[in-house]
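Asker: Dropping the structure in here first, questions after.
Residue numbers (this note's numbering): 6 to 430.
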């Protein structure tokens, strides 16, 4: 049986055979066929009732529930589908309710079209506006580049790491998702540097109050700086996530999976040690920079003399600083710390893991195996490595605790709901 549609446009008629259409085109037809059929039926009924006592001017109302209508549709066709539904809603008494996880639809939707189905709590309406006013959704898109995570219903973790894909390497959040199945409880949003993570956590918490959306926001940052965890954030127990992968038996397990001969433990230890030694100066520079505060020279003034005086004062301050013992103290402290890490082997956890692992990869001389593939094999092997998983699970325990704490604090601040008459009786 053939199904043929006749399309008339610009005075010409074209036969459209359903079997000749793409899967996306078929999906669109099947999606809106009930709407088209019902409108045809209403139009025929209206024609039959003309000049009769039963004629009606009222347009029937229709409600359409669409579950993930974006499936099998190209992003451009998703946008056109949304425009079509808007047009049918404005000209007829039609209403469409979509359940979607499509970033395209979420980003194309207007702020008054987006709702989140929040967890049931008392008699509160579970349908909560996702963005009101418009600035809220704009802030979310500005922070994360997209707003799809609003529809996941999972707690959000802002991760310190590259905000976009980097050729030839796995991102931090990709490694997290490879290492643990517990990552499925969260939506990971890479934010860039530490300061961006802290800012994003604060702004997202303001934009997504947990009492309305049931979503907590937590930060996950590198522990390359001393001190307690920042408010609302959890730190790795090592410098960066790659440090968790630098273990002799784990590296050999990854090499075996890559069908590469394992390296003798002593030889592999030497490769790791050489990698650490090669980063000594970089690590010293990093620590010196952190210990020494910067001096900013600002040309302040409304006259030449005032501006010149501002420069001279700043230069005098800098000269005093350079003549003090501060520089030598900072340099000695950085040298002592780095040498200690190299001597006791803790550099494997304390040095920046991304650079250290890259040096180890170079020392292994893995020809025809990319660094990205090497990291992937390490992460997969790490899932069955007890020591690695113990530390990864500890991080997820901390994330769970931070999310619970945020929920408990905000819910405790909510006013208690009054008892219903039935409960009071």
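Each residue gets a CB set at the ideal place from its N, CA and C atoms; glycine is no exception.
Helix, strand or coil for residue 71, going by three-state DSSP, please let me know.
Answerer: Counting from 1 along the chain shown, the entry for residue 71 is found at position 66. Of the three classes helix, strand and coil, the one that applies to residue 71 here is strand, per DSSP.
Asker: Could you check which residue in 25, 401, 34 has the C-alpha nearest to that of residue 223?
Answerer: Stepping through the chain shown from its first residue, residue 223 is reached at position 218. Closest by alpha carbon: 401.
Asker: I need the boundaries of the alpha helix (DSSP H) containing residue 220, first residue and last residue.
Answerer: Here the question's residue 220 lines up with position 215 in the chain shown. No alpha helix (DSSP H) contains residue 220, which DSSP labels as neither H nor E.
Asker: Identify the continuous alpha helix (DSSP H) that holds residue 380 and give its terminal residues.
Answerer: Counting from 1 along the chain shown, the entry for residue 380 is found at position 375. Segment 376-387, the alpha helix (DSSP H) holding residue 380.
Asker: Is it buried or exposed for residue 301, if we count other Cβ within 10 angstroms and need 16 for buried?
Answerer: For the purposes of this step, residue 301 is taken as the residue at position 296 of the chain shown. Per the 10 Å Cβ criterion, exposed.
Asker: Roughly how many angstroms lie between the CA atoms of residue 39 and residue 162, to the nearest whole one?
Answerer: Position 34 of the chain shown, counted from the first residue, corresponds to residue 39. Position 157 of the chain shown, counted from the first residue, corresponds to residue 162. One C-alpha to the other measures close to 41 Å.
Asker: Taking the beta carbon of residue 404 as the centre, do at least 16 other beta carbons fall within 10 Å, making it buried, or is it exposed?
Answerer: Counted from its first residue, the chain shown places residue 404 at position 399. Buried, by the Cβ-count rule.
Asker: Using the three-state DSSP reduction, which class does residue 12 fall into: helix, strand or coil?
Answerer: For this step, residue 12 is matched to residue 7 along the chain shown. It is a strand residue.
Asker: Please classify residue 195: is it buried, with 16 or more other beta-carbons within 10 angstroms of its beta-carbon, or exposed?
Answerer: Position 190 of the chain shown, counted from the start, is the residue given in the question as residue 195. With 16 or more other Cβ atoms within 10 Å, it is buried.
Asker: Going by C-alpha distance, which of 269, 22, 296, 42 is nearest residue 333?
Answerer: For the purposes of this step, residue 333 is taken as residue 328 along the chain shown, with counting starting at 1. Comparing Cα positions, the closest option is 296.
Asker: Straight-line CA distance for residue 141 to residue 213?
Answerer: Taking the chain shown and counting its residues from 1, the one referred to as residue 141 is at position 136. Taking the chain shown and counting its residues from 1, the one referred to as residue 213 is at position 208. Because residue 141 carries a pLDDT of 48, less than 50, the predicted location of this residue cannot be relied on, and no value is offered for it.
Asker: I'd like the list of long-range same chain contacts for residue 383, defined as Cβ closer than 6 Å, with 5 residues on each side in sequence excluded.
Answerer: Indexing the chain shown from 1 puts residue 383 at position 378. 250, 259, listed in sequence order.
Asker: Starting from residue 312 and walking both ways along the alpha helix (DSSP H), at which residues does that stretch end?
Answerer: For the purposes of this step, residue 312 is taken as the residue at position 307 of the chain shown. Here the alpha helix (DSSP H) through residue 312 covers 309-328.
Asker: Based on the DSSP secondary-structure assignment, which residues constitute the bridge partners of residue 201?
Answerer: Taking the first residue of the chain shown as position 1, residue 201 is located at position 196. Residue 201 pairs with nothing; no bridge assigned.
Asker: Counting along the chain, where does the beta strand (DSSP E) carrying residue 162 start and finish?
Answerer: Working through the chain shown from its first residue, we reach residue 162 at position 157. Element bounds for residue 162: 160-165.
Asker: When the Cα atoms are used, what is the spatial distance from residue 362 to residue 275?
Answerer: Here residue 362 refers to the residue found at position 357 when the chain shown is read from its first residue. Here residue 275 refers to the residue found at position 270 when the chain shown is read from its first residue. Near 14 Å, if we compare the C-alpha coordinates of residue 275 and residue 362.
Asker: Does residue 95 pass the burial test, meaning 16 or more other C-beta atoms within 10 Å, or should it be called exposed?
Answerer: Stepping through the chain shown from its first residue, residue 95 is reached at position 90. Burial check for residue 95: the Cβ neighbour count within 10 Å stays below 16, so the residue is exposed.
Asker: Using a Cβ-Cβ cut-off of 7 Å (strictly less than) and excluding sequence neighbours within five positions of residue 406, which residues of its own chain qualify?
Answerer: The residue labelled residue 406 in the question sits at position 401 within the chain shown. Sequence-distant Cβ neighbours of residue 406 in its own chain, meaning closer than 7 Å and more than five residues away, do not exist here.
Asker: What's the call for residue 237, buried or exposed, on a 16-neighbour Cβ count within 10 Å?
Answerer: Counting from 1 along the chain shown, the entry for residue 237 is found at position 232. Buried is the label assigned to residue 237, since at least 16 other Cβ atoms lie within 10 Å of its Cβ.
Asker: Give the secondary structure of residue 7 by DSSP, where H, G and I count as helix, E and B as strand, and everything else as coil.
Answerer: Residue 7 sits at position 2 when you count from the first residue of the chain shown. Note: residue 7 maps to coil in three-state DSSP.
Asker: Out of 111, 66, 288, point me to the one whose CA is closest to residue 93's CA.
Answerer: To locate residue 93, count along the chain shown from 1; it is residue 88. Nearest option by C-alpha distance: 66.
Asker: Apart from the five residues on each side of it in sequence, which residues of its chain come closer than 6 Å, Cβ to Cβ, to residue 72?
Answerer: Reading the chain shown from its first residue, position 67 is the one you call residue 72. Excluding residues within five positions, the ones whose Cβ falls inside 6 Å are 104.
Asker: Within 10 angstroms of its Cβ, does residue 326 collect 16 or more other Cβ (buried), or is it exposed?
Answerer: Taking the chain shown and counting its residues from 1, one reaches residue 326 at position 321. Its Cβ having fewer than 16 others within 10 Å, residue 326 is exposed.
Asker: When burial is assigned at 16 or more other CB atoms within 10 Å of the CB, is residue 188 buried or exposed?
Answerer: Residue numbering aside, residue 188 sits at position 183 when the chain shown is read from its first letter. It counts as buried.
Asker: Mind pulling the alpha helix (DSSP H) runs of 4 or more residues that sit fully within the segment 233-298?
Answerer: If we require 4 residues or more, the alpha helix (DSSP H) runs fully inside the segment 233-298 come out as 253-262, 270-283, 285-296.
Asker: Taking the C-alpha atoms as reference points, what is the distance between residue 347 and residue 322?
Answerer: Locating residue 347 in the chain shown gives position 342, where the first residue counts as 1. Locating residue 322 in the chain shown gives position 317, where the first residue counts as 1. Their backbone Cα atoms lie some 36 Å apart in a straight line.
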